[in-house]
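Colleague:
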Amino acid sequence: MIHDATLDRTTTGTGPVRARTLAELRAVRLKDRDGAVLEESVPTLDQVVRLAVLGRRQMLLEIKTDERRQRYPGIEEKVFEVLDRQGFTASRW
108 MIHDATLDRT TTGTGPVRAR TLAELRAVRL KDRDGAVLEE SVPTLDQVVR
158 LAVLGRRQML LEIKTDERRQ RYPGIEEKVF EVLDRQGFTA SRW
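For the sequence shown, the numbering used here assigns the number 108 to the initial residue and increments by one for each residue that follows.
1) Apply the 10 Å Cβ neighbour rule to T128 and answer buried if 16 or more other Cβ atoms are within range, or exposed otherwise.
2) Determine the burial state of G181: buried for a count of at least 16 other Cβ atoms within 10 Å of its Cβ, exposed for fewer.
3) Shortest alpha-carbon distance to V135 belongs to which of I170, T119, E183?
4) Can you list the alpha helix (DSSP H) stretches of 4 or more residues lying completely in the region 115-192, in chain order?
5) Nearest-angstrom Cα distance between L190 and D153?
6) Starting from the Cα of R192, find the closest Cα among R157, V149, E131, V144 and give me that residue.
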């Protein structure tokens, strides 16, 4: 789960996020606002949603388009699968 389309600004990696496998994304480290390298890797949506559920937090998810402003095929369904799997439902709140 990352806001930027590329890894360059916020991680130790380079290039487009979509060109990397999950294993490759786990190998890069996040940077703080000052550019210092952290021990944390790019979290998955599953990990972030799990934290929200455990902390009884609400989330506002923004689903981005690609560099051509095209939707990623099936992205909404995949996001709902994660929310369902993690028990993040409106009835909990």
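By construction, the Cβ of each residue, glycine as well, lies at the ideal position given by its N, Cα and C atoms.
Modeller: Concretely, from the data shown:
1) exposed
2) exposed
3) T119
4) 129-134, 152-161, 182-192
5) 8 Å
6) R157
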